[in-house]
Amino acid sequence: MTLSHASVDLQTGALPLLLPTLLLALNLNYALAAGVIAANQIVIAVAQPLFGLLGDKKSFTWMVPVGLALTGLGMATVLWMPSYPLVLLAVTLSGLGSAMFHPEGLTRVRANSGEKLASGTSLFFSGGNIGFGLAPIVTALLLERLGKPSVLLLLVPTVLSLLLLRSQWQDVRRPVSTRKVGAGGAGRVRWGLVGFLMLLITLRGTVTGGLTTFLPLGHDVLNLSKDAAATLVTIISLSGIVGTLVGGIVADRIGKKPLLVGSAAILMLAMLAFGHTDGFALHLGLLAVVGLCSSAAWPTIVLMIQDAMPGLTGLASGLSLGTVYAATGLGVAALGTFADRAGIPATLSLLSWLPLGVLLLTALLPVPKEASA
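So the sequence shown is numbered by the working numbering: it starts at 28 and just counts up by one.
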């Protein structure tokens, strides 16, 4: 499942690198090019909860391989489409594939993780982070060295993942435990807790999303070269991969809330230090901590949302991935509006205080009894 997740997010992460070729081939303006990204992201954000709910009503394990294949095939055909509407169709199909895969994939991970739910979920998420992280590098190298036909090579991990899924299909189809968890379990969905947890993910995502957006945009006013800004963004992404993987392991050992509070406290200190100090080397180290601590809590919060929605694992996964993904985008967009008025330095200063809210909310978080499956 981890390799499959890496493959799906590799395809999705490759799309921005395909835009320059599309611009030239179809004579698109920037607004139309942005529309390609928007179409893909909107479909993913809206369809994930719907596919998750569908999977909760009836076992649709087939959505894992079908979603995997559809994501790859849709993205592989983007550069071969002769018109803009067909490009939108291709990225929409790819987005539908991604939306199929993620909630059902998380459900399958939950069914196969045993007592190490947080660790299993972290491993699954780390696959996605690796896919997204490799996508720009792999796609750029393929296009530069081998040209447009080389994009088809992105299907190689898709095919390998499908073959591996086939060999492990009996385990993949393993049913999820229906035991209820938490206080007042008995099948009751705790919507207040779900909303609270989704807000936490959104705020954490807005911190890293804001940094990775405004550091490159404001490199000149921040006295950073383009390469220096790119390095800072890269270190956030790489440390995020480590944080996602390690966070679940730590949560399994010390508990969910200690992991959430501890990572929020360190995140707050690192961001405040970043916003009130100078020096590239120091900022590099601080942003490594930011990326690690921001991502460390993600798998654990997703598990807590699943636990708060007994019997609705797929919908919980779709909400925690798709809906929060869209909400984080709105948060970054709001920061962009602020940046237009106050400037990027003021925006980064504001961003440095956001983790304080994360810490205060996390300290107030009620935690049900630990789930075992």
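All C-beta atoms in this analysis are idealised placements derived from N, C-alpha and C, irrespective of residue type, glycine included. Since this is a predicted model, take the numbers as computed values, not measurements.
Here's the rule: buried if 16 or more other CB atoms are within 10 angstroms of the residue's CB, otherwise exposed. What is residue i?
{"i": "Phe-128", "result": "buried"}
{"i": "Gly-209", "result": "With a pLDDT of only 42 at Gly-209, under 50, the local geometry of the prediction cannot be trusted, and the value read off the model is given with reservation. With 16 or more other Cβ atoms within 10 Å, it is buried."}
{"i": "Gly-370", "result": "exposed"}
{"i": "Pro-92", "result": "buried"}
{"i": "Leu-168", "result": "exposed"}
{"i": "Ser-252", "result": "exposed"}
{"i": "Ile-281", "result": "exposed"}
{"i": "Gly-275", "result": "buried"}
{"i": "Trp-325", "result": "buried"}
{"i": "Ala-308", "result": "exposed"}
{"i": "Ser-194", "result": "exposed"}
{"i": "Gln-75", "result": "buried"}
{"i": "Ser-110", "result": "exposed"}
{"i": "Ile-228", "result": "buried"}
{"i": "Ser-198", "result": "Reading off the sequence, residue 198 comes out as Asp, not Ser. Counting Cβ neighbours within 10 Å, Asp-198 comes out exposed, since fewer than 16 surround it."}
{"i": "Ile-268", "result": "buried"}
{"i": "Gly-219", "result": "exposed"}
{"i": "Ala-162", "result": "buried"}
{"i": "Gly-237", "result": "buried"}
{"i": "Asp-254", "result": "exposed"}
{"i": "Leu-192", "result": "buried"}
{"i": "Asp-367", "result": "exposed"}
{"i": "Leu-357", "result": "exposed"}
{"i": "Ala-297", "result": "buried"}
{"i": "Leu-42", "result": "buried"}
{"i": "Lys-85", "result": "exposed"}
{"i": "Pro-337", "result": "buried"}
Taking only three categories from DSSP, how would you classify residue i?
{"i": "Leu-260", "result": "Note that residue 260 corresponds to Val in the displayed sequence, not to Leu. Here Val-260 sits in helix by DSSP."}
{"i": "Gly-358", "result": "helix"}
{"i": "Gln-195", "result": "coil"}
{"i": "Asp-254", "result": "helix"}
{"i": "Met-298", "result": "helix"}
{"i": "Arg-135", "result": "helix"}
{"i": "Pro-109", "result": "coil"}
{"i": "Asn-56", "result": "coil"}
{"i": "Trp-218", "result": "helix"}
{"i": "Leu-180", "result": "helix"}
{"i": "Met-28", "result": "coil"}
{"i": "Lys-175", "result": "helix"}
{"i": "Val-248", "result": "coil"}
{"i": "Asp-279", "result": "helix"}
{"i": "Thr-166", "result": "helix"}
{"i": "Lys-143", "result": "coil"}
{"i": "Gly-306", "result": "coil"}
{"i": "Arg-206", "result": "In this prediction, Arg-206 has a pLDDT of 45, which is less than 50 and means its spatial position is unreliable; nothing more can be read from the coordinates."}
My understanding is that residue i touches residue j, with C-beta atoms under 8 Å, so please give their C-beta distance in whole angstroms.
{"i": "Ser-125", "j": "Ile-71", "result": "5 Å"}
{"i": "Gly-341", "j": "Leu-80", "result": "6 Å"}
{"i": "Phe-365", "j": "Leu-377", "result": "7 Å"}
{"i": "Thr-389", "j": "Leu-287", "result": "5 Å"}
{"i": "Ala-60", "j": "Leu-49", "result": "7 Å"}
{"i": "Thr-240", "j": "Ser-321", "result": "Wrong, their Cβ atoms sit about 14 Å apart, outside the cutoff."}
{"i": "Asn-156", "j": "Gly-147", "result": "With 8 Å as the limit, Asn-156 and Gly-147 do not qualify as a contact, their Cβ atoms being about 15 Å apart."}
{"i": "Ala-145", "j": "Asp-279", "result": "5 Å"}
{"i": "Thr-166", "j": "Leu-244", "result": "Thr-166 to Leu-244, Cβ: 22 Å. No contact."}
{"i": "Val-183", "j": "Pro-372", "result": "At roughly 44 Å, the Cβ-Cβ gap does not stay under 8 Å, so Val-183 and Pro-372 are not in contact."}
{"i": "Gly-384", "j": "Leu-230", "result": "6 Å"}
{"i": "Val-118", "j": "Ala-66", "result": "5 Å"}
{"i": "Leu-339", "j": "Val-216", "result": "7 Å"}
Measuring CB atoms only, is the segment 258-265 touching the segment 293-303, in the sense that at least three cross pairs come out at less than 8 Å? no
Given 8 Å, three or more beta-carbon pairs between the segment 94-107 and the segment 311-327: no
Evaluate contact between the segment 104-117 and the segment 130-137, counting only Cβ atoms and requiring at least three cross-stretch pairs below 8 Å. no
Can you give, in chain order, each stretch of the alpha helix (DSSP H) that sits fully within the segment 311-394 and has at least 4 residues? 325-334, 340-345, 351-369, 371-390
At a cut of 8 Å, does the segment 66-82 reach the segment 317-329 through at least three beta carbon pairs? no
Would you call the segment 222-235 in contact with the segment 332-351, where contact means no fewer than 3 C-beta pairs closer than 8 Å? yes
Runs of 4 residues minimum, wholly inside the segment 34-106: which ones carry the alpha helix (DSSP H) assignment? 57-84, 90-103
Report yes or no: do three or more beta-carbon pairs, one from the segment 185-196 and one from the segment 30-37, lie closer than 8 Å? Three or more beta-carbon pairs drawn from the segment 185-196 and the segment 30-37 are found closer than 8 Å, and the two stretches are therefore classed as touching.
Check whether the segment 38-46 touches the segment 157-166, taking contact to mean three or more Cβ pairs, one atom from each stretch, closer than 8 Å. Verdict: yes, contact present.
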